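Take a look at the structure below.
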Amino acid sequence: MAGYRQSLWLLAVLLACFLLPGQVQSAQPTDEPEPHGSLLIQTPGEQAQPGGLSARIYSLAPEALITQTPLNTPVSLPPGSYRVELDILGGTVSRERVLVRSGRTSTVILSEVAALQVNVLDKKGQDIGLGVEVYDGVSNQLLGEFLSGEIILAQPGLVDVKVAVPPQSQWWRDIELLRGGLRELTLRERVRGELLVHPRLAGKDVSPLTQVIIYAAGTQREIARSEPGQEHRFVLETGSYDVFVANPTGRGKPFVLERAELPDEKTVEKDVHLDGPTDPPAAQPPTHLEPQPL
130 MAGYRQSLWL
140 LAVLLACFLL
150 PGQVQSAQPT
160 DEPEPHGSLL
170 IQTPGEQAQP
180 GGLSARIYSL
190 APEALITQTP
200 LNTPVSLPPG
210 SYRVELDILG
220 GTVSRERVLV
230 RSGRTSTVIL
240 SEVAALQVNV
250 LDKKGQDIGL
260 GVEVYDGVSN
270 QLLGEFLSGE
280 IILAQPGLVD
290 VKVAVPPQSQ
300 WWRDIELLRG
310 GLRELTLRER
320 VRGELLVHPR
330 LAGKDVSPLT
340 QVIIYAAGTQ
350 REIARSEPGQ
360 EHRFVLETGS
370 YDVFVANPTG
380 RGKPFVLERA
390 ELPDEKTVEK
400 DVHLDGPTDP
410 PAAQPPTHLE
420 PQPL
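Taking this note's numbering, the leading residue of the sequence shown gets 130, the next gets one more, and so forth.
Now the structure itself:
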């Protein structure tokens, strides 16, 4: 009987040796991956944020492309160090050993780039999406192309910008792109109206006898002229103009200068009255009459 009990005791010891370590091991918590952090890639705050651009994110050891992420949009990543690359007009910018921590957001600001926006606006002020080409200002090499209305990132420096405006392209030469800044170029569709000038003398239209010259308002810069004829009609961009009418008839005023406004595409008709003395007296300073005694 004692031998039987001793055998049971040895069996219990052996079972404990085999079973208890497994039970202890199974009771230990399993290793879980560390929570992710996030990475945010931006351009400087004074730049309007470009859309449609994506940066590449690489692991370091071994180096491999992990993901691509749009600018200004956080991307979730495991904790670690990464390399960031972004293709821009004229080259590539990068950041080495960008650190991502668990539960935190790491921000990378690409301060060494410049931004460029070209707008081509219709009569309503809406961009019409014409093709834009950018050339190196020194080598004349094509750096890239995009559509008007978009904001693109580029290397700082001098560039030439070409816009495919019919019937021939519009060029901007030696445009300086500054580090961390936004350069904006705008073309507006020309809105033209008509100005019809009627020189009048004694109530009659004397267009066949008069000459009309149009100047930019407030300047002596001549815009157009019309010699004596049946009518004086001008097609001009909207805005303000000075209308000079020369009257060689010897009757009325020898000339008149008046302002005209073209607010839109409609035809503006302007009467210019030449009636008056042939030789107007020179302007005299005002005099003050003394009151006469009653």
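C-beta atoms are modelled at their ideal positions from N, C-alpha and C, and glycine is treated no differently. Note that the structure is predicted; figures quoted are calculated from it, not measured.
**OP:** Report buried or exposed for Asp404, applying the criterion of at least 16 other Cβ atoms within 10 angstroms of its Cβ.
**Re:** Exposure of Asp404 is indicated by the presence of fewer than 16 other C-beta atoms within 10 angstroms of its C-beta.
Original post:
Per DSSP, Leu325 forms a beta bridge with which residues?
Top reply: Beta-bridge pairing links Leu325 to Arg362, Glu398.
**OP:** Could you tell me the distance, in whole angstroms, from the CA atom of Thr348 to the CA atom of Gly219?
**Re:** Distance from the CA atom of Thr348 to the CA atom of Gly219, rounded to whole angstroms, is 43 Å.
Subject >> Leu403, DSSP secondary structure in three states >> reply: Reduced to three states, the DSSP call for Leu403 is coil.
Subject >> Ala156 to Pro203 span [Cα, whole Å] >> reply: With a pLDDT of only 42 at Ala156, under the threshold of 50, the placement of this residue in the model should not be trusted, and no figure is reported.
Original post:
Rounded C-beta distance between Gly166 and Arg233? I'm assuming under 8 Å.
Top reply: In this structure, Gly166 and Arg233 form a Cβ contact; the two beta carbons are roughly 5 Å apart against a cut-off of 8 Å.
**OP:** Leaving out five residues on either side along the sequence, give the residues of the same chain with a beta carbon under 6 Å from the beta carbon of Tyr264.
**Re:** Cβ neighbours of Tyr264 beyond the five flanking positions: Leu271, Asp289.
Original post:
Nearest to Pro164 by CA position, among Leu316, Ala389, Pro208, Leu189, is which residue?
Top reply: Nearest C-alpha to Pro164: Pro208.
Original post:
Counting only runs that start and end within the region 281-329, where is the alpha helix (DSSP H) found for 4 or more residues in a row?
Top reply: None, since the region 281-329 contains no complete alpha helix (DSSP H) of that length.
**OP:** Output yes or no for whether 8 Å exceeds the beta carbon distance between Asn376 and Thr315.
**Re:** Contact: no.
**OP:** May I ask you to report which of helix, strand or coil DSSP gives Ser355?
**Re:** Strand at Ser355.
Original post:
Okay, do the region 240-256 and the region 282-298 touch, 3+ Cβ pairs below 8 Å being the bar?
Top reply: Contact between the region 240-256 and the region 282-298 is present, because at least three Cβ pairs lie under 8 Å.
**OP:** Any chance you could list the beta strand (DSSP E) runs of at least 3 consecutive residues sitting entirely within the region 222-276, in chain order?
**Re:** Listed in chain order, the beta strand (DSSP E) runs fully inside the region 222-276 are 234-238, 243-250, 260-265, 271-276, counting runs of at least 3 residues.
**OP:** Could you tell me which residues DSSP pairs with Ile343 in its beta bridges?
**Re:** In DSSP, Ile343 forms a bridge with Ala353, Val372.
Original post:
Which whole-angstrom value is the C-beta distance of Leu239 and Ile352, which I expect to be below 8 Å?
Top reply: Rounded to whole angstroms, the Cβ separation of Leu239 and Ile352 is 47 Å, and the two are not in contact under 8 Å.
Subject >> Outcome for Asn248 when other beta-carbon atoms lying within 10 angstroms are tallied against a minimum of 16 >> reply: If you draw a 10 Å sphere on the C-beta of Asn248, you find 16 or more other C-beta atoms in it, and that means buried.
Original post:
Looking at the structure shown, is Leu200 part of a helix, part of a strand, or coil, going by DSSP?
Top reply: Here Leu200 sits in coil by DSSP.
**OP:** With Leu169 as the anchor, note down where its beta strand (DSSP E) starts and where it stops.
**Re:** Here the beta strand (DSSP E) through Leu169 covers 166-171.
Subject >> Three-way DSSP call (helix, strand, coil) for Leu338 in this model >> reply: Looking at Leu338 - three-state DSSP - the assignment turns out to be helix.
Subject >> Own chain residues within Cβ distance below 8 Å of Asp334, not counting five before or after >> reply: Result list for Asp334: His327, Pro328, in chain order.
**OP:** Pull up the distance between the alpha-carbon of Gly368 and that of Ile186, whole angstroms please.
**Re:** For Gly368 and Ile186, the distance between alpha carbons rounds to 53 Å.
Original post:
Can you check whether the CB of Leu182 is closer than 8 Å to the CB of Ser210?
Top reply: Against a cut-off of 8 Å, the Cβ pair of Leu182 and Ser210 comes out as no contact.
Original post:
With C-beta atoms as the reference, is Arg388 less than 8 Å away from Ala346?
Top reply: Cβ atoms of Arg388 and Ala346: closer than 8 Å.
Original post:
Helix, strand or coil: which one does DSSP assign to Lys382?
Top reply: Lys382: coil per DSSP, three-state reduction.
Subject >> Residues near Arg317 in its chain [Cβ-Cβ closer than 7 Å; skip 5 each side] >> reply: Beyond the five residues adjoining it in sequence on each side, Arg317 comes within less than 7 Å, by CB distance, of Leu250 in the same chain, given in chain order.
Original post:
Which value, in whole angstroms, describes the spacing of the CA atoms of Glu262 and Thr236?
Top reply: Approximately 32 Å between the Cα atoms of the pair.
Subject >> Three-state secondary structure assigned by DSSP to Gly219 >> reply: In this structure, Gly219 counts as coil in the three-state DSSP scheme.
Original post:
The beta strand (DSSP E) with Ala184 in it runs from where to where?
Top reply: For Ala184, the uninterrupted beta strand (DSSP E) segment begins and ends at 183-189.
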